Amino acid sequence: MLTIKQRQANLQFLGYYKGQIDGIVGALTKQAYRNFQKDYGLVIDGIYGVKTNAKLIEVIKEEQIKLGVKVDGIVGPITINARDDKNVSLAWNDIKYFKKSEFNCKCGCGLNNIDLKLVKILNEIREYFGKPCIVTSGCRCQKYNDSLRGSIKNSKHVQGKAADIWINGIRKAELLSKCKDYVRCGRANYTYTNESNMKNAVHIEI
Ligand SMILES: [Zn+2]
Ligand SMILES: [Zn+2]
1 MLTIKQRQAN LQFLGYYKGQ IDGIVGALTK QAYRNFQKDY GLVIDGIYGV KTNAKLIEVI
61 KEEQIKLGVK VDGIVGPITI NARDDKNVSL AWNDIKYFKK SEFNCKCGCG LNNIDLKLVK
121 ILNEIREYFG KPCIVTSGCR CQKYNDSLRG SIKNSKHVQG KAADIWINGI RKAELLSKCK
181 DYVRCGRANY TYTNESNMKN AVHIEI
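Going by the working numbering, the first residue of the sequence shown is number 1, and it counts up by one from there.
Here you go:
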């Protein structure tokens with residue numbers, strides 16, 4: 001049998017459980033058992049027995065097969081991340097202001113591993129200022145990154161998780177301040193700018 005925490009994590013993944021993963025069978029957990037039992041044709045008694053256990057594992061295994069992760073019937077970070085990535089990969093249609101090619105490595109190597117979570121933030125920034133936002137540097141292969149003056153070896157640009165942007169007609173301090181909002185709320189990891197080698201651009205990374 002799955003532990004209570006595992007049951008909660010599995011049911012949360014499937015949208016049945018709305019509470020904390022705390023290992024305590026409270027009202028929300030019992031409600032999740034009932035709703036799951038109802039949807040899968042089991043006896044609706046709110047009691048987690050062998051049949052409910054078997055069905056829950058089976059349903060999670062099917063999800064894991066679809067996501068291409070280890071099939072063990074137990075939801076952990078890898079399963080959750082795989083689904084998040086999948087959701088994100090379907091979302092280029094939601095990006096109004098950027099084309100993927102704008103993030104290509106500038107050396108011409110064709111690398112483009114840009115993270116859509118970052119592009120979503122840039123899209124919001126672009127929307128906020130209402131003016132075209134130019135990507136001066138997006139993805140970078142290691143070779144190109146290392147060739148740039150002032151770049152660090154493990155730059156987030158190499159991972160596709162950073163971009164340098166500028167907006168014509170918007171003061172750099174204002175753009176930086178907007179980027180800092182994203183760091184403050186936890187959606188971005190870091191932002192900075194400097195005069196010497198970035199001109200008008202601001203770096204933002206997730
Ligand atoms: Zn390159
Ligand atoms: Zn940068």
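Where is the CB? At the ideal position from N, CA and C, for every residue including glycine.
This one's a predicted model, so the numbers in the text were calculated from it and none came from an experiment.
query = T152 and V202 look like a contact to me (Cβ under 8 Å); what is the Cβ gap, rounded to whole Å?
reply = In the sequence under discussion, the amino acid at residue 152 is Ile, which differs from the Thr named in the question. With a contact defined as Cβ atoms closer than 8 Å, I152 and V202 miss out at about 17 Å.
inquiry  = I'd like to confirm something about D146: is its beta-carbon nearer than 7 Å to some heavy atom of ligand 2, or not?
reply    = Because no heavy atom of ligand 2 lies under 7 Å away, the Cβ of D146 does not count as near it: no.
ask   = Sorry if obvious, but does the Cβ on A162 come closer than 7 Å to a heavy atom of ligand 2?
value = A162: yes, Cβ under 7 Å from ligand 2.
query = Tell me which same chain residues have a C-beta within less than 8 Å of the C-beta of I121, skipping the five on either side of it?
reply = Apart from the 5 residues on each side of it in sequence, I121 sits with its Cβ closer than 8 Å to the Cβ of Y182, R187, A188, I204 and I206 in its chain, given in chain order.
Between the CA atoms of Y190 and T29 - distance to the nearest angstrom = One C-alpha to the other measures close to 38 Å.
request  = Report the residue from G41, L116 and S137 whose alpha carbon sits nearest the alpha carbon of D85.
outcome  = Nearest C-alpha to D85 among G41, L116 and S137: L116.
query = If you draw a straight line from the C-alpha of E102 to the C-alpha of C141, how long is it?
reply = Looking at the two C-alpha atoms, the distance is approximately 15 Å.
request  = Give the secondary structure of Y17 by DSSP, where H, G and I count as helix, E and B as strand, and everything else as coil.
outcome  = In this structure, Y17 counts as coil in the three-state DSSP scheme.
task = List the endpoints of the continuous beta strand (DSSP E) containing C133.
result = Segment C133 to S137, the beta strand (DSSP E) holding C133.
query = At what residues does the beta strand (DSSP E) containing E205 begin and finish?
reply = Start and end: V202 to E205.
request  = In angstroms with no decimal places, state the Cα-to-Cα distance between K156 and Q37.
outcome  = Their backbone Cα atoms lie some 45 Å apart in a straight line.
key: Cβ neighbours of G108 in the same chain (closer than 7 Å, five flanking residues each side left out)   = The beta carbon of G108 is closer than 7 Å to none in its chain, skipping five residues each way along the sequence.
message = Along the chain, where does the alpha helix (DSSP H) containing T52 start, and where does it finish?
response = Looking at the DSSP string, the run of the alpha helix (DSSP H) that includes T52 is V50 to L67.
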